[in-house]
Amino acid sequence: MAARWPAARRLSRRPLPHGKEGILLSQTTIAQPGREIAVRRTPRSRKIALWCWLFVAPNLIFFAMFQGWPIIVNWYYSMLDWSGISSDAKFIGLGNFKELIADPYFWNAYKNSFLFMLGAVPLLLVLGLLAAVVLNNPLLKLAKMYRTLFFIPVVTTASVVGIIMVYIWGSEGAVNYALMKLNLLDQPVNWLGDPHWAMFTVILIYVWKNLGMNMIYWLAGLQSIPRELYEAAKVDGSTPAKTFVHITVPLIVPVGLVITLLNVSGALKVFDMIKTMTDGGPFFATDVVSTYIYRFAFSSEIGLPRLGYASAAGIFFAFTIVLIAVLQAVIRKMIGSAGRGRGA
Amino acid sequence: MRVVPKVFVHAALLLLSFVWIYPFLWMVSASFKTQTEFFEKGLSLLPESWDTSNFARAWTNGKFESYFLNSVIVTVTVIVIVLIITSACGYALGRYSFKGKGVILAVLGASIFVPLEFSIIPVFQLIKDMGLMNSLGGIILAESGGGHVLFVLLFASFFRQVPKELEEAATMDGCGFVRTYLSVILPLSKPIIGSVVIMQFIWTWNSFLLPLVLTLSSPELRTLAVGLYALRGENIVDWTGIAAGGTIALAPIIVIFLFLQRYFVDGMSGAVKG
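These protein sequence lines map, in sequence, to chains D and F. Counting along the first sequence from 1, when you hit position 101 you're at 101 in UniProt numbering, and nothing is skipped either side. Counting along the second sequence from 1, when you hit position 187 you're at 187 in UniProt numbering, and nothing is skipped either side.
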């Protein structure tokens, strides 16, 4: 008990309603009338409503400028043949999209983004849960210290870590040294420079960097399970393994879905580490959509920047992500209603 | 744990912890080695020479002095801006019901699903059109951008739980809307302020893509993350210098995290649990 992090302890007092997750949950509670002060139509209250708007305005302006406006204008940009100088922008309709769909390098980057996500997310979820279960044990001494150590990579700068990893996974680095000492390798492998190994290595390093985050998410979920349930299970003679399968797992599934979504969107957006470790190489083996976009929009290696084309790539990819999100929501709803139908 | 003796559990966990933070240990030790020592014993974790010339080289020749200053200026300013705008927004949304509140909540809520990363081109263009391309102001503005939904919700749900009587008492004493907020309500939210400060600190300090594209034509404005990337591009073999640069970039964030980790974990758990 003493080793628990205060955050999780405070959270654990709040029960988690089924079917409502994360941020959406708190949003609904704020929207509900109740504790807040209702503003009625009197001169004084009109003044208060004005103040409310003044208080909300700055955040809304920052939101509109850097999140709302980009979404709208991106569509327009994606239909331009444009190098970044306003005067030579030429409207070409869907031309960029046509070119995009015909470009094998785009599909390679597209495939790699999903490959990266499919490799990293399951590892993060399973290993994160494992770490959380081990370190949630109240009898384990030093649990707090281990948690802190496992968490350190999360707070460090991804681009800096990427540069350091180039040496550590390079032919003279510690990874090759250790593997050769253990007789698992005859000669050093250039992990990030070999097209066969680069993607695998990048995924492993990404998992290392983000595992601590997943551990904290899972810990928050685990500590929201009422202690009495475990005590009841113990009284009934349940083994730790059985308790885990029948009590822990069903109760953390709702949190698990939120964690999965956070991981999926994080992995599909990966840029910093890939840019600094491999820059999409070797031979485009780790080229993902974000590095593809960067190359066309900002890099000087392919001549003039092509901002319109890069915008089209971004929209195309973002659109698939939204499509997947909608699809999984629909499927989840179908499974949910089917399950309820059987239950009744 | 009953089956496995505790000693083995701890031995395994300690070994794993060591492997886990090895890259940082290597980085710090390499930054204290001379080039010759690094060439002969690149992997040892205890430098024999304790040579500080790598830091001096990175600091002056590698321009890490100005990168460091840029990082500090950008990070501190962004934290202040974000703190002001999100706490004010959270106060109005959490405490009052007013016309248009539903729409604001819906818009902010929907923005969670928008991948911000792909808005880099419009943001780049916006900063350029505002004439802020060659100033730290542009980086600061872009870094403060976004809906900050998590922070707004953290503040809003905290302010909601403050007893109404506190506000009424303040009004009786003649406090207006702003005074009530500044001197009665805001001081109560220290834990939330702590979470917001450390989370925003980590995000801004670590930010790479935005400062990278906004400093493409003005290298003197680079932040540490971008500066190290540039240093590596120029001196691909100077690993002790790169390690020293990395240590300069990472030491502040690791130290601050170790001291304030409680607030960070509080805030991040909030992302999952609401």
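Built from N, CA and C at the ideal position, the CB exists for glycine as well.
Exercise. If we call anything under 8 angstroms between Cβ atoms a contact, is S189/F one with F155/F?
Worked result: If you number the second sequence from 1, residue 189/F lands on position 189. If you number the second sequence from 1, residue 155/F lands on position 155. In this structure, S189/F lies near F155/F, with their beta-carbon atoms less than 8 angstroms apart.
Exercise. Which residues mark the beginning and the end of the alpha helix (DSSP H) in which Q35/F is found?
Worked result: On the second sequence, position 35 is the one that residue 35/F refers to. From DSSP, the alpha helix (DSSP H) with Q35/F extends over Q35 to E40.
Exercise. Which bits of chain F does Q328/D rub up against, with CB to CB less than 9 angstroms?
Worked result: Sequence index remark: in the first sequence, residue 328/D carries index 328 (1-based). For Q328/D, there are no C-beta contacts with chain F under 9 angstroms, since the nearest C-beta of that chain is about 12 angstroms from it.
Problem set entry | First and last residue of the uninterrupted alpha helix (DSSP H) at D129/F | Here residue 129/F corresponds to residue number 129 of the second sequence, with the count starting at 1. It spans I120 to D129 - the alpha helix (DSSP H) in which D129/F sits, taken as one unbroken run.
Exercise. Since I193/F meets chain D, which of its residues come closer than 9 angstroms, beta carbon to beta carbon?
Worked result: Mapped onto the second sequence, residue 193/F falls at position 193. Within chain D, no residue has its CB atom less than 9 angstroms from the CB of I193/F, the nearest being about 15 angstroms off.
For this session: Give the residues of chain D in contact with N134/F, contact being defined as C-beta atoms less than 8 angstroms apart.
Result: Position 134 of the second sequence, counted from the start, is the residue given in the question as residue 134/F. Correct list: empty, because the minimum Cβ distance to chain D is about 15 angstroms.
Exercise. Do we get a CB-CB distance below 8 angstroms when we pair F55/F with the residues of chain D?
Worked result: In the second sequence, the residue the question calls residue 55/F occupies position 55. Interface with chain D (8 angstroms Cβ-Cβ cutoff): F55/F is excluded.
Exercise. Can at least three beta-carbon pairs, one atom from the stretch 188–203 of chain D and one from the stretch 275–282 of chain D, be found at a separation below 8 angstroms?
Worked result: Counting C-beta pairs closer than 8 angstroms gives three or more between the stretch 188–203 of chain D and the stretch 275–282 of chain D, which meets the contact rule.
For this session: State buried or exposed for Q161/F, treating a residue as buried only when at least 16 other CB atoms are found within 10 Å of its CB.
Result: Stepping through the second sequence from its first residue, residue 161/F is reached at position 161. With fewer than 16 other Cβ atoms within 10 Å, it is exposed.
Problem set entry | Neighbourhood of A325/D by C-beta, 7 angstroms cutoff - its chain only, sequence neighbours within 5 removed | For the purposes of this step, residue 325/D is taken as residue 325 along the first sequence, with counting starting at 1. Excluding positions up to five away in sequence, the list is empty.
Exercise. Considering K201/D, what are the terminal residues of the alpha helix (DSSP H) in which it resides?
Worked result: If you number the first sequence from 1, residue 201/D lands on position 201. Sequence inspection shows Thr at residue 201/D; the Lys mentioned does not correspond to that position. Start and end: A198 to L222.
Problem set entry | Chain-ordered residues of the stretch 143–156 of chain F with a beta carbon less than 8 angstroms from chain D | Residues S144, G145, G146, G147, H148, V149, L150, V152, L153 and A156.
Exercise. Can you name, in chain order, every residue of its own chain whose Cβ lies under 8 angstroms from the Cβ of S207/F, other than the five neighbours on each side?
Worked result: To locate residue 207/F, count along the second sequence from 1; it is residue 207. Cβ within range, chain order: E143, T223 and A225.
Exercise. At least one CB of chain A closer than 8 angstroms to the CB of S238/D: is that the case?
Worked result: Annotation note: the requested chain A is absent from the structure, which comprises protein chains D and F.
For this session: At 7 angstroms on the CB atoms, spell out the chain F contacts of P70/D, in chain order.
Result: Walking along the first sequence from the start, residue 70/D turns up at place 70. In chain order: S119, P122 and V123.
Exercise. Are the C-beta of L186/F and some C-beta of chain D separated by less than 8 angstroms?
Worked result: Counting from 1 along the second sequence, the entry for residue 186/F is found at position 186. Proximity of L186/F to chain D, defined by a Cβ-Cβ separation below 8 angstroms, is not satisfied.
Exercise. So, is Y76/D buried or exposed, given that buried needs 16 or more other C-beta atoms within 10 angstroms?
Worked result: For the purposes of this step, residue 76/D is taken as the residue at position 76 of the first sequence. By the Cβ neighbour-count rule, Y76/D is exposed, with fewer than 16 other Cβ atoms within 10 Å of its own.
Exercise. Using a Cβ-Cβ cut-off of 6 angstroms (strictly less than) and excluding sequence neighbours within five positions of I216/D, which residues of its own chain qualify?
Worked result: The residue labelled residue 216/D in the question sits at position 216 within the first sequence. So the list is empty, once near-sequence residues are dropped.
Exercise. What's the C-alpha gap between T29/D and L153/F?
Worked result: Position 29 of the first sequence holds residue 29/D. Position 153 of the second sequence holds residue 153/F. Reliability fails at T29/D, whose pLDDT of 45 lies under 50, so the model's placement of it is uncertain and the value that follows must be treated cautiously. Cα-Cα distance, rounded: 10 angstroms.
Exercise. Quick one: is Q67/D near chain F, going by C-beta distance under 8 angstroms?
Worked result: Sequence index remark: in the first sequence, residue 67/D carries index 67 (1-based). By this cut-off, Q67/D is an interface position.
Problem set entry | Close-in-space but distant-in-sequence residues of the same chain around L16/D (CB under 6 angstroms, 5 per side omitted) | The residue given as residue 16/D occupies position 16 in the first sequence. Low local confidence applies: a pLDDT of 35 at L16/D is under 50, so the model's placement there is unreliable, and no value is given.
For this session: Measure from the C-beta of S189/F to each C-beta in chain D and report whether the shortest distance is under 8 angstroms.
Result: By 1-based counting over the second sequence, the position of residue 189/F is 189. No, S189/F does not count as interfacial toward chain D.
Problem set entry | Neighbourhood of I331/D by C-beta distance below 8 angstroms, restricted to the same chain and skipping five residues each side | As a first step, residue 331/D must be located in the first sequence, where it is residue number 331. Here the set comprises nothing.
Problem set entry | Sequence-distant residues of the same chain with beta carbon closer than 8 angstroms to L127/D, five excluded per side | Residue 127/D sits at position 127 when you count from the first residue of the first sequence. Hits under 8 angstroms: V207, L211 and N214.
Exercise. M1/F to E65/F, Cα distance in whole Å?
Worked result: By one-based count along the second sequence, residue 1/F stands at place 1. By one-based count along the second sequence, residue 65/F stands at place 65. Any reading at M1/F needs caution, since the residue's pLDDT is 47, under 50, leaving its predicted position unreliable; the model's value is listed next. Rounded to whole angstroms, M1/F to E65/F spans 50 angstroms at the Cα level.
Exercise. Residues of chain F with a CB under 9 angstroms from the CB of V245/D: which are they?
Worked result: Along the first sequence, read from residue 1 onward, the residue named residue 245/D stands at position 245. Listed along chain F is no residue with a C-beta nearer than 9 angstroms to that of V245/D; the closest approach is about 18 angstroms.
Problem set entry | F38/F, buried or exposed, once every other Cβ within 10 Å from all chains shown has been counted against 16 | Within the second sequence, numbered from 1, the residue matching residue 38/F stands at position 38. The residue is buried, with at least 16 neighbouring Cβ atoms inside 10 Å.
Problem set entry | Partner residues on chain D for F158/F, Cβ-Cβ distance less than 9 angstroms | In the second sequence, the residue the question calls residue 158/F occupies position 158. Taking the beta carbon of F158/F as reference, no residue of chain D falls within 9 angstroms; the closest one sits roughly 10 angstroms away.
For this session: Give the straight-line distance between the Cα atoms of W205/F and R232/F, rounded to the nearest whole angstrom.
Result: Here residue 205/F is taken as the residue at index 205 of the second sequence, counted from 1. Here residue 232/F is taken as the residue at index 232 of the second sequence, counted from 1. In a straight line, the C-alpha of W205/F is about 19 angstroms away from that of R232/F.
Problem set entry | Cutoff 7 angstroms; reference T240/F; Cβ partners in own chain excluding five residues on either side | The residue you call residue 240/F lines up with position 240 of the second sequence. Taken in chain order, the residues that qualify are A30, S31, K33, Q35, F38 and N54.
For this session: Look up Y263/F in the DSSP assignment and give the residues it is bridged to.
Result: For the purposes of this step, residue 263/F is taken as residue 263 along the second sequence, with counting starting at 1. As far as DSSP is concerned, Y263/F takes part in no beta bridge.
For this session: Please list the partners that I104/F has in chain D, where partner means a Cβ-to-Cβ separation under 8 angstroms.
Result: Within the second sequence, the letter at position 104 stands for residue 104/F. For I104/F, the chain D residues whose Cβ falls inside 8 angstroms of its Cβ are V56 and L60, in order along the chain.
Exercise. For K99/F, which residues of its own chain have a beta-carbon under 8 angstroms away from its beta-carbon, when the five flanking residues on both sides are left out?
Worked result: One-based indexing of the second sequence puts residue 99/F at position 99. The beta carbon of K99/F sits closer than 8 angstroms to no other beta carbon from its chain once the five residues preceding and following it are set aside.
Problem set entry | Proximal residues of chain F, C-beta to C-beta of N74/D below 9 angstroms | The residue you call residue 74/D lines up with position 74 of the first sequence. Chain F residues near N74/D: F118, S119, I121 and P122.
Problem set entry | Test item: CB-CB of S113/D and V288/D under 8 angstroms | Looking up residue 113/D in the first sequence gives position 113. Looking up residue 288/D in the first sequence gives position 288. Cβ distance < 8 angstroms, so S113/D and V288/D count as in contact.
Exercise. For the candidate residues V255/D, V253/D, L229/D and P254/D, whose alpha-carbon lies nearest to that of T243/D?
Worked result: Stepping through the first sequence from its first residue, residue 243/D is reached at position 243. For T243/D, the closest C-alpha among the options V255/D, V253/D, L229/D and P254/D is that of L229/D.
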